[in-house]
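My numbering applies: residue 225 is where the sequence shown begins, and numbers increase by one. Note that beta-carbon positions come from the ideal geometry of N, C-alpha and C, so glycine has one too. Since the structure comes first, as structure tokens, the remarks are kept for the end.
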Amino acid sequence: MTHFKVGDRVFGETLKGGAFAEYACVPATVCAIMPEGIEFPEMASVPIAGITALQALITHGQIQEGESVLINGSSGGVGHFAVQIAKAYGAKVTAVCSSKNVDFVKSLGADQVIAYDKENIHQHNGKYNLIIDTNGNLTHKDYTRMGQRGVMVGFTTIGHMISLLLRRATSKFPIAQFTAEANTKDLEVLASLIQNRKIKVHIEKTYSYKDIPAAISYIEAMRTKGKVIIVWE
Ligand SMILES: NC(=O)c1ccc[n+]([C@@H]2O[C@H](COP(=O)([O-])OP(=O)(O)OC[C@H]3O[C@@H](n4cnc5c(N)ncnc54)[C@H](OP(=O)(O)O)[C@@H]3O)[C@@H](O)[C@H]2O)c1
């Protein structure tokens with residue numbers, strides 16, 4: 225059974241790729257109605273990064289109002305949504321990014337920002353209820369020194385990830401690892417946060433579909449500020 229009618233404006237993701245297209249056919253269960261007054265280019269940047277940030281904080285991190293969260297990697301796609309979602313849920317946010325992005329991350333609402341090129345995060349002694357690592361360079365020691373629980377979103381190298389997972393297997397410290405999965409309910413939460421201006425999508429660059437290779441090259445450098453989108457004129 226579908227919960228949409230013909231002509232509804234929806235956003236979502238494909239489960240099998242194929243989204244570099246003007247039209248795509250996807251299951252209704254991974255779509256939701258677009259917020260009013262928001263256009264497709266903006267919403268195209270929401271599903272994967274937004275769902276990942278939401279599920280890291282809420283489903284797996286179980287952040288509660290008033291808790292503190294450290295978000296390592298806070299200026300990219302997942303990170304810039306995570307900072308805003310954590311604030312929308314009433315958390316106190318400490319965000320980690322490069323010094324060039326400190327003002328941007330503050331503008332997202334972070335209470336405190338640490339520039340990792342000025343302060344060594346591996347020696348940072350702040351204490352937090354939750355650690356979210358979108359960059360993936362935190363060690364097991366970093367999680368246990370700073371946090372009470374953690375969620376690993378990204379990883380830097382396979383070796384680093386395996387060593388962290390092995391260390392996790394022999395420790396009682398809770399670190400969740402997950403693969404984000406879109407569903408209508410979570411997409412509706414994101415749509416509502418956007419509608420209510422709790423989340424603002426930051427689009428750093430817009431490419432034409434003719435320049436998809438250039439867009440991919442830019443994204444691969446992993447220094448995106450917010451999101452990169454591709455449009456079909
Ligand atoms: N688990 C899942 O289901 C899932 C889903 C989506 C994505 N991911 C993973 O999550 C990660 C982030 O994805 P994304 O789309 O947000 O990437 P992105 O848009 O390319 O952002 C990467 C960010 O990493 C930051 N960064 C680089 N070096 C850093 C360091 N040493 N310390 C802290 N931050 C650093 C950069 O910020 P600065 O420029 O300020 O340094 C940049 O904003 C990727 O590894 C991706 O594969 C996982």
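Review point. Where in the stretch 333–382 do unbroken runs of the beta strand (DSSP E), each at least 3 residues long, occur, reported from the N-terminal end onward?
Key: 336–339, 352–357, 371–376
Check your understanding: Is the beta carbon of V337 less than 8 Å from the beta carbon of T358?
Key -> Here residue 337 refers to the residue found at position 113 of the sequence shown. Here residue 358 refers to the residue found at position 134 of the sequence shown. In this structure, T358 does not lie closer than 8 Å to V337 by Cβ.
Exercise for review: Please report the residue range of the alpha helix (DSSP H) in which A273 lies.
Suggested key: Counted from its first residue, the sequence shown places residue 273 at position 49. Run containing A273: 271–278, per the alpha helix (DSSP H) assignment.
**Study point:** For C321, the residue or residues it bridges with in DSSP
**Key:** Taking the sequence shown and counting its residues from 1, the one referred to as residue 321 is at position 97. DSSP, once it has assigned bridges, lists A339 as partnering C321.
Review point. Is V205 near A339, with beta carbons less than 8 Å apart?
Key: Only positions 225 to 457 of the chain appear in the structure, and residue 205 is not among them; the question remains open.
Practice item. Could you tell me whether any non-hydrogen atom of ligand 1 is closer than 7 Å to the CB of Y340? Key: Here residue 340 refers to the residue found at position 116 of the sequence shown. True, at least one ligand heavy atom lies under 7 Å from that Cβ.
Review point. Leaving out five residues before and five after G297 in sequence, what residues of the same chain have Cβ atoms less than 6 Å from its Cβ?
Key: Within the sequence shown, numbered from 1, the residue matching residue 297 stands at position 73. Around G297: G303, T358, N359.
Review point. Using 8 Å as the Cβ pair cut-off and three pairs as the minimum, do the stretch 281–290 and the stretch 430–450 touch?
Key: Two segments are said to touch when three or more pairs of C-beta atoms, one from each, lie closer than 8 Å; by this definition the stretch 281–290 does not touch the stretch 430–450.
Review point. Buried or exposed: which applies to A273, given that a residue is buried once 16 or more other Cβ atoms fall within 10 Å of its Cβ?
Key: Position 49 of the sequence shown, counted from the first residue, corresponds to residue 273. Buried, by the Cβ-count rule.
Review point. Hey, K351 and M370: beta-carbon distance below 8 Å or not?
Key: As a first step, residue 351 must be located in the sequence shown, where it is residue number 127. As a first step, residue 370 must be located in the sequence shown, where it is residue number 146. Yes, the pair counts as a contact, with Cβ atoms nearer than the cut-off.
Practice item. Would you identify the three-state DSSP class for Y442, choosing helix, strand or coil? Key: Against the sequence shown, residue 442 aligns to sequence position 218. In the structure shown, Y442 sits in a helix (DSSP, three-state: H, G or I).
Review point. Which two residues bound the contiguous alpha helix (DSSP H) that contains V413?
Key: Indexing the sequence shown from 1 puts residue 413 at position 189. It spans 408–419 - the alpha helix (DSSP H) in which V413 sits, taken as one unbroken run.
Check your understanding: Span of the alpha helix (DSSP H) holding V452?
Key -> Stepping through the sequence shown from its first residue, residue 452 is reached at position 228. Taken as a continuous stretch (DSSP letters only), V452 belongs to no alpha helix (DSSP H), being part of the beta strand (DSSP E) at 451–455.
Review point. Does the separation of the CB atoms of S356 and I295 fall below 8 Å?
Key: In the sequence shown, residue 356 corresponds to position 132, counting from 1. In the sequence shown, residue 295 corresponds to position 71, counting from 1. For clarity, residue 356 is Ile in the given sequence; the question names Ser instead. In this structure, I356 places its C-beta atom within 8 Å of the C-beta atom of I295.
Practice item. Tell me where the beta strand (DSSP E) around Q308 begins and ends. Key: What you label residue 308 is simply residue 84 of the sequence shown in a count that begins at 1. Taken as a continuous stretch (DSSP letters only), Q308 belongs to no beta strand (DSSP E), being part of the alpha helix (DSSP H) at 301–312.
Point to revise | Cβ-heavy atom distance, I460 to ligand 1, below 7 Å | key: Nothing about residue 460 can be read from this structure; the chain reaches only from 225 to 457.
Exercise for review: Round the Cβ separation of A404 and I309 to the nearest angstrom and send it over; I've been treating them as touching at under 8 Å.
Suggested key: The residue given as residue 404 occupies position 180 in the sequence shown. The residue given as residue 309 occupies position 85 in the sequence shown. With a Cβ gap of about 13 Å, A404 and I309 do not count as contacting.
Check your understanding: At what residue ranges does the stretch 235–296 contain a whole run of the beta strand (DSSP E), taking only runs of 3 or more?
Key -> 255–257, 292–296
Practice item. Could you pull out every residue in the same chain whose Cβ sits closer than 6 Å to the Cβ of V425, ignoring the five residues on either side in sequence? Key: Walking along the sequence shown from the start, residue 425 turns up at place 201. So the list reads E266, S269, once near-sequence residues are dropped.
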